[in-house]
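Beneath this line is the structure, given in structure tokens, with notes to follow.
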Amino acid sequence: MAYSAMELRAERSILRSMGLDATLKTYEGVSYSFPVLPVEEGSALSAGDYRGRESETYFETLAAEVPFDWRDSTLTVSGRSYYVLDVTFDEYGQRARIKVE
């Protein structure tokens with residue numbers, strides 16, 4: 435189930451007002467610009483594990499904004515570059531969660 439054109443414009447407007455500008459540069463050198471919302475999630479490891487301090491960084495955006503060739507790409511948000519590890523889409527194909535490191 436995809437967004438209608440009016441809903442897609444509304445969602446993009448909300449993301450532009452609340453989110454950060456991001457640029458995704460693919461392995462082939464093609465750049466895509468779109469707004470993202472940062473999502474910080476802590477590690478799921480136990481408290482005694484030294485890796486427990488590490489956190490995973492995610493950004494959310496509209497699924498329509500993410501290109502199909504996102505593998506081996508970099509995402510630049512607010513002047514900081516991240517390597518894209520994975521992109522997951524919700525069950526409706528409307529939202530995308532970009533996992534970066």
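Residues 435 to 535 in my numbering are what the sequence shown spells out, letter by letter.
Glycine included, C-beta positions come from ideal geometry on N, C-alpha and C.
Because the structure is a prediction, the values reported are computed rather than measured.
For residue 450, the first and last residue of its enclosing alpha helix (DSSP H): In the sequence shown, counting from the first residue as 1, residue 450 sits at position 16. Counting along the chain, residue 450 sits inside the alpha helix (DSSP H) bounded by residues 439-452.
Below 6 Å CB to CB, which residues in the same chain sit around residue 465 once its five sequence neighbours on both sides are set aside? Position 31 of the sequence shown, counted from the start, is the residue given in the question as residue 465. Within the same chain, residue 465 has close Cβ partners 457 and 459.
Using 10 angstroms around the beta-carbon of residue 439, count the other beta-carbons present and answer buried if the total reaches 16, otherwise exposed. The count along the sequence shown starts at 1 and reaches residue 439 at position 5. Per the 10 Å Cβ criterion, exposed.
Mind checking which residues open and close the beta strand (DSSP E) that includes residue 520? As a first step, residue 520 must be located in the sequence shown, where it is residue number 86. Where residue 520 is concerned, the enclosing beta strand (DSSP E) stretches over 514-523.
Environment of residue 502 [buried if 16+ CB atoms lie within 10 Å]: The sequence position of residue 502 within the sequence shown is 68, counting from 1. Flag for residue 502 reads exposed.
Do residue 495 and residue 468 have their C-beta atoms closer together than 8 Å? The residue labelled residue 495 in the question sits at position 61 within the sequence shown. The residue labelled residue 468 in the question sits at position 34 within the sequence shown. Yes, they are a contact pair.
Thinking just about the alpha-carbon of each residue, which of 499, 509 and 514 is nearest to the one in residue 533? Sequence index remark: in the sequence shown, residue 533 carries index 99 (1-based). Shortest Cα-Cα distance from residue 533 to any of 499, 509 and 514 involves 509.
Per-residue DSSP class, three states only, for residue 494: On the sequence shown, position 60 is the one that residue 494 refers to. Reduced to three states, the DSSP call for residue 494 is strand.
For residue 505, report the span of its beta strand (DSSP E) as first-last. For the purposes of this step, residue 505 is taken as residue 71 along the sequence shown, with counting starting at 1. No beta strand (DSSP E) contains residue 505, which DSSP labels as neither H nor E.
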